[in-house]
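Novice:
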Amino acid sequence: MNKTIFIKKLEKALEKLPPEEQQDVLEDFREHFHAGLQEGKEEEEIANALGSPNQIAKEIIATYYLDRVEEKSNVGNIFRAVWAVIGLGFFNLIIVLGPFIALLGCIVGGWAVGIAFVCSPILLLLDFMFYPDSFRLFDLFASIALTGLGIFITIAMFYVTRFIAKVFVRYLSYNAKLVKGGLKHA
Amino acid sequence: MNIQFKKGALELCVLALLDKQDRYGYELVQKISDNIAISEGSVYPLLRRLTKEAYFTTYLQESKEGPSRKYYHLTDQGRKYLHQLNAEWNEFTEGVNELLKEVVIDE
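Listed in order, the protein sequences are those of chains V and Y.
Going by the working numbering, the first sequence opens with residue 16, and the numbers climb by one from there.
Going by the working numbering, the second sequence opens with residue 777, and the numbers climb by one from there.
1. Is Y/K831 helix, strand or coil when you go by DSSP?
2. Taking V/K56 as the reference, give the member of Y/Q806, Y/P821 and Y/I812 with the closest Cα.
3. Taking DSSP as the reference, what is the three-state secondary structure of Y/I812?
4. Are the beta-carbon atoms of Y/V895 and Y/L822 separated by less than 8 Å?
5. Where does Y/H799 fall in DSSP's three states?
6. Examine chain V for any beta-carbon lying closer than 8 Å to the beta-carbon of Y/K807, and answer yes or no.
7. Taking the C-alpha atoms as reference points, what is the distance between Y/R799 and V/W126?
8. Measure how close the beta-carbons of Y/L788 and Y/N862 come, nearest whole angstrom, since I'm counting them as under 8 Å.
9. Which residue wins for smallest C-alpha separation from V/F115, given the options V/I93, V/R83, V/I76 and V/T162?
10. By the three-class DSSP mapping on this structure, what secondary structure does Y/K856 have?
11. Please state the DSSP three-state secondary structure of V/K18.
12. How close, in whole Å, do the beta carbons of V/L139 and V/D154 come, if the pair is a contact with beta carbons under 8 Å?
13. Helix, strand or coil for V/R45? Go by DSSP, reduced to three states.
14. Would you kindly work out how many angstroms separate the C-alpha atoms of Y/E838 and V/V182, rounded to a whole number?
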């Protein structure tokens, strides 16, 4: 692989980044090649020592998304960061995707319970419309109580979701720092 | 353990190299790869991350031959981080060496 191919591969792998960021990275590597050539090295030799352009790009993209998600942790940014960190290596697939799916399940479950509780009088009303004979006063009071409980659960879920997202983003950054060494045979 | 350990070591090497003087990317990479087997490209993502974390600042400087080079400068925050990492490293290696002295290793 010579300089042109290396830079091209890197550019392709960095497509997701904003153009200024891409240029900045590519400039670093052009400079690296230039300095190496001045020392009398071959382009191939320099490219080989640098390693895989794809792996380099993955690390840079993961750093970029982690940075973004720390600034603004909305759903899209979290998903992109998770995806980028998973891409770093097989190990991450397990230690990131596993907890992510588990936490996502808990959050979705919590919201579903809260919303279902809040809506329970509507369900009771529907029930009453279709089967007027089945109406019992107990059901009415129970559903009103559930609504109250549901409102509490929904409000709590709002804070729980924010908290979990924050902790999980930290966990992601921690992983990206540790996993995938740049060392050979690592 | 191994991989995590090496990645931390690479970070310490980069910080340490910038303690006394500013250096450019290629120079940093060569200094490290003279001593440790690394895939050289991975130093650049690390440099970007540490710059984003405000441990380094960068500036461009003309070189005698050809285009200008990006130099990395260690900030006060970076120096503090370097001292912390260095202390952790010393404590760790001393512990391991102590342990190795106590036991006999069969080759």
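Even glycine gets a Cβ: it sits at the ideal position worked out from N, Cα and C.
Specialist: In terms of the structure at hand:
1. Just to set this straight, residue 831 of chain Y is Tyr in the shown sequence, not Lys. Y/Y831 falls in the coil class under three-state DSSP.
2. Nearest C-alpha to V/K56: Y/Q806.
3. DSSP places Y/I812 outside both helix and strand once states are collapsed to three, so it counts as coil.
4. The requested residue 895 of chain Y is not part of the displayed model; chain Y covers only 777 to 883.
5. One detail in the question is off: residue 799 of chain Y reads as Arg in this sequence, not His. Note: Y/R799 maps to strand in three-state DSSP.
6. Chain V, which has no Cβ nearer than 8 Å to the Cβ of Y/K807, makes this no.
7. Between Y/R799 and V/W126, the alpha-carbon positions lie close to 52 Å from each other.
8. Yes, they are in contact, since the Cβ atoms of Y/L788 and Y/N862 sit about 7 Å apart, within 8 Å.
9. For V/F115, the nearest C-alpha among the options comes from V/I93.
10. Y/K856: helix per DSSP, three-state reduction.
11. In the three-state DSSP reduction, V/K18 falls in the helix class (H, G or I).
12. Separation of the CB atoms of V/L139 and V/D154 is rounded to 6 Å, and the pair is thereby assigned contact status at 8 Å.
13. DSSP places V/R45 in helix when its eight states are reduced to three.
14. When rounded, the distance between both Cα atoms is 44 Å.
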